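Residue numbers (numbering that gives the first Met the number 0): 0 to 165. Ideal Cβ placement from N, Cα and C applies to all residues, glycine included. Since the model is a prediction, treat every value here as computed from it, not as a measurement.
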Amino acid sequence: MQTVRFGLIAKAGFYTIMNAEDFSARMTRPVIAIAKSSFAKANQRGMLEPDTLLLLESMLECEGSISLSVLNSNGITANEVRELCDKSTVSDIALPEVRTQCFTEANLLGHSYPGTEHLLLAICHFNGCRASQLIQSKTDGTIAISKDIIEILGVSWKRWCRLHRN
Numbered sequence: 000m001q002t003v004r005f006g007l008i009a010k011a012g013f014y015t016i017m018n019a020e021d022f023s024a025r026m027t028r029p030v031i032a033i034a035k036s037s038f039a040k041a042n043q044r045g046m047l048e049p050d051t052l053l054l055l056e057s058m059l060e061c062e063g064s065i066s067l068s069v070l071n072s073n074g075i076t077a078n079e080v081r082e083l084c085d086k087s088t089v090s091d092i093a094l095p096e097v098r099t100q101c102f103t104e105a106n107l108l109g110h111s112y113p114g115t116e117h118l119l120l121a122i123c124h125f126n127g128c129r130a131s132q133l134i135q136s137k138t139d140g141t142i143a144i145s146k147d148i149i150e151i152l153g154v155s156w157k158r159w160c161r162l163h164r165n
């Protein structure tokens with residue numbers, strides 16, 4: 000049995016730190032680029048792993064992605080995320096949890112591979128993480144961001160809500 004805490008996977012008393020390749024395995028190229036970028040930024044800041052804000056910052060640098068479009072249309076910029084990232088070097092949520100939720104979002108929508116939109120939906124799922132807190136402070140909330148993504152994907156909001164209840 001595994002216990003997930005602060006970005007580390009506890010296995011029989013040993014801690015394994017997730018790397019960019021582990022995090023982005025079986026995901027789309029933009030998510031792989033986001034993972035590599037956010038892990039590099041975490042390394043520069045002396046962090047073991049990126050937190051959700053670093054993932055969000057990297058999403059805002061991913062040209063042409065659904066997550067970039069949704070975040071920009073809601074007034075969230077890379078500069079303000081970068082400023083918040085510079086203020087802290089503490090991870091806020093375990094990456095395996097974000098990764099698992101990312102795959103859950105893709106599976107619920109019937110998509111073969113998670114993309115940036117699924118990663119943003121996963122971050123919105125964790126209301127207590129720093130990225131979700133930023134989204135809530137700058138927009139109408141994580142539900143509004145989720146609705147925007149679902150609308151772009153052409154899925155009805157009622158259907159998406161039903162999928163999440165089951």
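Between the CA atoms of residue j and residue i - distance to the nearest angstrom
| i | j | result |
| --- | --- | --- |
| D168 | Y112 | Here the chain covers residues 0 to 165 and nothing more, so residue 168 does not appear. |
| L107 | L152 | 13 angstroms |
| F38 | G140 | 26 angstroms |
| S155 | C101 | 19 angstroms |
| A24 | V80 | 25 angstroms |
| I149 | E82 | 29 angstroms |
| R164 | I142 | 15 angstroms |
| M46 | N126 | 22 angstroms |
| N18 | L67 | 23 angstroms |
| N42 | K157 | 41 angstroms |
| F13 | E96 | Note on F13: pLDDT 36, under 50, position unreliable in the model; no value is reported. |
| Q1 | K40 | The predicted model places Q1 with a pLDDT of 35, which falls under 50 and marks its position as unreliable; any figure quoted below should be read in that light. Those two C-alpha atoms are separated by around 27 angstroms. |
| F22 | A34 | 7 angstroms |
| E104 | R44 | 30 angstroms |
Presumed contact (8 angstroms Cβ cut-off) between residue i and residue j, rounded CB distance
| i | j | result |
| --- | --- | --- |
| C128 | D85 | Their Cβ separation, rounded to whole angstroms, is 18 angstroms, which puts C128 and D85 out of contact at 8 angstroms. |
| M58 | L119 | 6 angstroms |
| C123 | S131 | 6 angstroms |
| T184 | G114 | Here the chain covers residues 0 to 165 and nothing more, so residue 184 does not appear. |
| T138 | N73 | 4 angstroms |
Reference residue i; option with closest CA among the options
| i | options | result |
| --- | --- | --- |
| A32 | L47, E60 and R44 | E60 |
| W159 | T138, Q132, H117 and K137 | H117 |
| G109 | A34, L162 and L53 | L162 |
| A77 | L55, T115 and G114 | L55 |
| L53 | S36, G63 and S66 | S36 |
| E20 | N126, L133 and R98 | R98 |
C-beta atoms of residue i and residue j nearer than 8 angstroms
| i | j | result |
| --- | --- | --- |
| V30 | I144 | no |
| E62 | L94 | no |
| I75 | I134 | yes |
For a minimum of 4 consecutive residues, which ranges assigned as the alpha helix (DSSP H) are wholly contained in the region 26 to 114? Within the region 26 to 114, the complete alpha helix (DSSP H) runs of at least 4 residues are 28 to 43, 51 to 58, 65 to 72, 77 to 85 and 94 to 107.
In chain order, what are the residue ranges of uninterrupted alpha helix (DSSP H) at least 4 long that sit wholly in the region 119 to 157? For secondary structure counted as the alpha helix (DSSP H) over 4 or more consecutive residues, the region 119 to 157 holds these complete runs in sequence order: 129 to 137 and 141 to 152.
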